[in-house]
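Notes follow once the structure below has been shown.
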Amino acid sequence: MFHGREPEEKGTSSQNPDENSENQLNDVQDFIFLNCHGLHLYALEDSQCYSSLKICILSKNFIIDMSPLKNCTQLIKLDLHSNQIRIVPDGTFWSAMKQLKLLYLHDNSFVKLKNVCSLSACPNLIALTLYDCPVSLKKGYRHVIVNSIWSLKILDNFVVSDEEIIENWELPERFKTLSKHLFCDITPVLVKGSNYEKELFQMNYVISKINRVVAHNSPVVILQRWIRGHLTRRLWLKLSSRKKTFHIEYYH
């Protein structure tokens, strides 16, 4: 299932073939949503991976190679969970994905932690799932992933804690790694009759949930909010005082 702009009405049989080709090219360039959930796909072809794609759902298939997606540099969400992928593409692949925010890779066959760390080249990745993969059983898996992908806010349904980023910082139970307060369910939900607008709404909802948990359970973020509030109040009082002084001098 593809989703793009509404197709234009077909012309008559006398329409110029060159115009038909140009219209077909424009239609291809306008594909922004692909949903191939549970279609028993074994492979992807470069011709199926349009560069205009923004949301791509390929979950619950038998895909073993994601490299044909290298041209989909406009992606903001990619769902490849429950496939048979063993190797994560290198940093060159991910560095081109400058808009990718949500990446679902859980229930695959990734084994090597070093290979998965190539995801660190993805500059704006917010959410990542790798649970139910062999690599998630590796010692120090979470620590390595969290400290490799600097933009990451959540890994496997738990928001990244400040304790994981700042070494040797002892925090109260509420702020500790994998605390129940840091739990945030980002499991992808496929909406019936899904289209780009519905998926985009769902994606923004997930991101807002993550940000809400971060805002209330990150000591660094809470401290920054307090400092900003304090500085704003000081500035406001200073401006109010100057305005009052000017008002008195002007009328005297």
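Taking the working numbering, the leading residue of the sequence shown gets 1136, the next gets one more, and so forth. Positions of the beta carbon are idealized from the N, C-alpha and C atoms, including for glycine.
* Using 10 angstroms around the beta-carbon of residue 1241, count the other beta-carbons present and answer buried if the total reaches 16, otherwise exposed. => Of the other Cβ atoms in all chains shown, 16 or more fall within 10 Å of the Cβ of residue 1241; this residue is therefore buried.
* To do: Evaluate residue 1324 with the Cβ neighbour count: other Cβ atoms within 10 Å of its Cβ, from every protein chain shown; 16 or more gives buried, anything less gives exposed.
  => For residue 1324, the number of other beta carbons within 10 angstroms of its own is below 16, and it is reported as exposed.
* Using beta-carbon positions only, say whether residue 1281 and residue 1248 come within less than 7 Å of one another. => Not a contact, by the Cβ cut-off of 7 Å.
* Asked: Can you tell which of 1300, 1205, 1267 and 1244 has the C-alpha that lies nearest to the C-alpha of residue 1235?
  -> Nearest neighbour of residue 1235 by Cα position, chosen from 1300, 1205, 1267 and 1244, turns out to be 1205.
* If you follow the alpha helix (DSSP H) that residue 1339 is part of, which residue opens it and which one closes it? -> Counting along the chain, residue 1339 sits inside the alpha helix (DSSP H) bounded by residues 1331 to 1352.
* Asked: What is the rounded straight-line gap between the Cα of residue 1291 and the Cα of residue 1265?
  -> Take the alpha-carbon of residue 1291 and the one of residue 1265: they are about 6 Å apart.
* Burial state of residue 1168 (16 or more Cβ within 10 Å) -> When all chains shown are included, residue 1168 counts as buried.
* Limits of the unbroken alpha helix (DSSP H) element including residue 1310 -> Looking at the DSSP string, residue 1310 is not in any alpha helix (DSSP H), and its letter there is neither H nor E.
* To do: Evaluate residue 1339 with the Cβ neighbour count: other Cβ atoms within 10 Å of its Cβ, from every protein chain shown; 16 or more gives buried, anything less gives exposed.
  => Counting Cβ neighbours within 10 Å, residue 1339 comes out exposed, since fewer than 16 surround it.
* Asked: By how many angstroms is the C-alpha of residue 1319 removed from the C-alpha of residue 1171?
  -> The alpha-carbon atoms of residue 1171 and residue 1319 are separated by roughly 26 Å.
* To do: With DSSP collapsed to three states, give me the class of residue 1179.
  => Residue state, collapsed to three classes: coil.
* To do: Just the C-alpha distance for residue 1285 and residue 1376, rounded to the nearest angstrom, thanks.
  => Just so you know, the alpha carbons of residue 1285 and residue 1376 end up roughly 42 Å apart.
* Asked: Tell me which same chain residues have a C-beta within less than 6 Å of the C-beta of residue 1193, skipping the five on either side of it?
  -> The beta carbon of residue 1193 sits closer than 6 Å to the beta carbons of 1171 and 1215 from its chain, once the five residues preceding and following it are set aside; these are given in chain order.
* To do: Assign residue 1279 to one of three DSSP states: helix, strand, or coil.
  => Residue 1279: helix per DSSP, three-state reduction.
* Cα-Cα separation between residue 1255 and residue 1372, rounded to whole angstroms -> Cα to Cα, the separation comes out at about 44 Å.
* **Top-ranked residue by Cα proximity to residue 1176, from 1209, 1190 and 1218** => Comparing Cα positions, the closest option is 1218.
* How about residue 1252 and residue 1296: do their beta carbons lie closer than 7 Å? -> Between residue 1252 and residue 1296, the gap from beta carbon to beta carbon reaches 7 Å or more.
* Could you please give the first and the last residue of the uninterrupted alpha helix (DSSP H) stretch that includes residue 1242? => Careful: residue 1242 lies outside any alpha helix (DSSP H) and carries neither H nor E.
* Straight-line Cα distance separating residue 1355 from residue 1367 -> C-alpha of residue 1367 to C-alpha of residue 1355: approximately 18 Å in a straight line.
* Give a yes or no on whether the C-beta atoms belonging to residue 1262 and residue 1321 are separated by under 7 Å. => Against a cut-off of 7 Å, the Cβ pair of residue 1321 and residue 1262 comes out as a contact.
* Helix or strand or just coil, what does DSSP make of residue 1294? -> The answer is strand: DSSP assigns residue 1294 an E or B state.
* To do: For residue 1170, write down the residues that DSSP places opposite it in a beta bridge.
  => Answer by DSSP bridge pairing, in chain order: 1192.
* Asked: Does DSSP put residue 1318 in a helix, a strand or coil?
  -> If DSSP states are grouped into helix, strand and coil, residue 1318 belongs with the strands.
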